[in-house]
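Colleague: One structure, pasted below without further comment.
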């Protein structure tokens, strides 16, 4: 059974959520008081997004939480061993930098004060929706997580129909729901292929019109293979606009392996080796808006 969470309405509801956040900080052993306000939940501080989305002409906002179970709560239900290895750092829970501590605080607040968290998030989304250039804005709620937002808080999407939401997911059930048209119309999902994803599943999703993201053992300045499993590959490092990919559909979003995965034997399987005959001497730039 899926629990649907509500939002506290209006300015009074937001004030209540803010006060609850201050109390929560105090409960976690941090400074609190009337002058303490929560950091913005959504940010644009991801360098890759700024660079690649510039090519697509859009602006992206992301919600970053502590991935996997690094907070004590599972935030990536579909994760695999190599996915977690490539994403998570090591060390005690609080032996981390300021950015990671901020993500941890948000993750704990999300799990322990769900309605208050969603109220603050909805407030930020509402401000974005009022922008005159909202058509050129994208929002990823799963920057470092894989949460089914559409299940427990559909109001986030329904209340902001002008915002284009998008995410990657490793959860096959979510992807099936999306392809069946059972997701909010302003939400796009790309399936993230892992070392445990069989080829038949990738082919099945591509046949149904999905976009599947695959990491290849291709160096930064080398082209990606032209096709994979007989489906065309587009260069996912050129832009991060997943909506744009669905103007084509049924394609592989190719990504070059980056640190800590690049060149590491332990990530083979998650990072796909390109057969010699296909290895970067050739690549293809598929023009978005036309079939390959």
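In the numbering used here, the protein residues as written are 18 to 309.
Ideal Cβ placement from N, Cα and C applies to all residues, glycine included.
Given the structure is predicted, the values throughout are model-derived calculations rather than measurements.
#1: How close, in whole Å, do the beta carbons of residue 258 and residue 116 come, if the pair is a contact with beta carbons under 8 Å?
#2: May I ask which residues mark the beginning and end of the alpha helix (DSSP H) holding residue 149?
#3: Do the CB positions of residue 145 and residue 78 come within less than 8 Å of each other?
#4: DSSP three-state call for residue 189: helix, strand or coil?
#5: Please work out which residues of its chain come closer than 6 Å, Cβ to Cβ, to residue 99, disregarding the five sequence neighbours upstream and downstream, and give them in chain order.
#6: Skipping 5 residues on each side, what residues in its chain have a beta carbon closer than 6 Å to that of residue 107?
#7: Take residue 223 as the anchor and find which of 270, 139, 182, 92 has the nearest alpha-carbon.
#8: Can you grab the Cα-Cα spacing for the pair residue 126 / residue 172, in whole Å?
#9: Between the Cα of residue 216 and those of 231, 148, 226, spot the shortest distance and give me the residue it belongs to.
#10: So, helix, strand or coil for residue 104, using DSSP?
#11: DSSP on residue 98, reduced to helix/strand/coil?
#12: I'd like to confirm the pairing. Which residues does DSSP put opposite residue 229 in its beta bridges?
#13: At the level of alpha carbons, what is the spacing between residue 226 and residue 155?
#14: When you compare only the Cα positions, how much space is there between residue 34 and residue 140?
#15: Just the Cα atoms here: how many angstroms apart are residue 219 and residue 210?
#16: In three-state terms, what does DSSP make of residue 287?
#17: Just to confirm my understanding: we take residue 61, look at its own chain, exclude 5 residues before and 5 after, and list those with CB closer than 8 Å. What are they?
#18: Going by beta carbon distance, what residues of the same chain come within less than 8 Å of residue 37, once the five residues before and after it are set aside?
#19: Here's the rule: buried if 16 or more other CB atoms are within 10 angstroms of the residue's CB, otherwise exposed. What is residue 292?
#20: In angstroms with no decimal places, state the Cα-to-Cα distance between residue 278 and residue 103.
#21: Please determine, among 189, 179, 122, the residue with the shortest C-alpha to C-alpha distance to residue 43.
#22: Given a threshold of 16 other Cβ atoms within 10 Å of its Cβ, counted over all protein chains shown, does residue 178 qualify as buried or as exposed?
#23: Where do the ends of the alpha helix (DSSP H) carrying residue 224 lie?
#24: Would you identify the three-state DSSP class for residue 181, choosing helix, strand or coil?
Modeller: In brief:
#1: Not really, about 24 Å apart at Cβ, beyond 8 Å.
#2: No alpha helix (DSSP H) holds residue 149; DSSP gives it neither H nor E.
#3: In terms of Cβ geometry, residue 145 and residue 78 form a close pair [threshold 8 Å].
#4: Of the three classes helix, strand and coil, the one that applies to residue 189 here is helix, per DSSP.
#5: Answer for residue 99: 212, 284, 287, listed in chain order.
#6: The predicted position of residue 107 is uncertain, since its pLDDT is 39 and thus under 50; no value can be drawn from it.
#7: The shortest C-alpha separation from residue 223 is found at 270.
#8: For residue 126 and residue 172, the distance between alpha carbons rounds to 19 Å.
#9: It is 231.
#10: Here residue 104 carries a helix assignment [DSSP, helix/strand/coil].
#11: Residue 98 falls in the helix class under three-state DSSP.
#12: According to DSSP, residue 229 bridges with 208, 269.
#13: Rounded to whole angstroms, residue 226 to residue 155 spans 21 Å at the Cα level.
#14: Approximately 11 Å, taken between the alpha carbons.
#15: If I take the Cα positions, the gap works out to 8 Å.
#16: Residue 287 falls in the coil class under three-state DSSP.
#17: Counting only Cβ-Cβ distances below 8 Å, and skipping sequence neighbours, we find 67, 76, 77, 78, 79.
#18: Once the five neighbours on either side are set aside, the close Cβ partners of residue 37 are 130, 133.
#19: Residue 292 should be labelled exposed.
#20: Cα to Cα, residue 278 sits roughly 6 Å from residue 103.
#21: Comparing Cα positions, the closest option is 122.
#22: Burial state of residue 178 is exposed, judged by a 10 Å Cβ sphere holding fewer than 16 other Cβ atoms.
#23: Residues 216–224.
#24: Strand.
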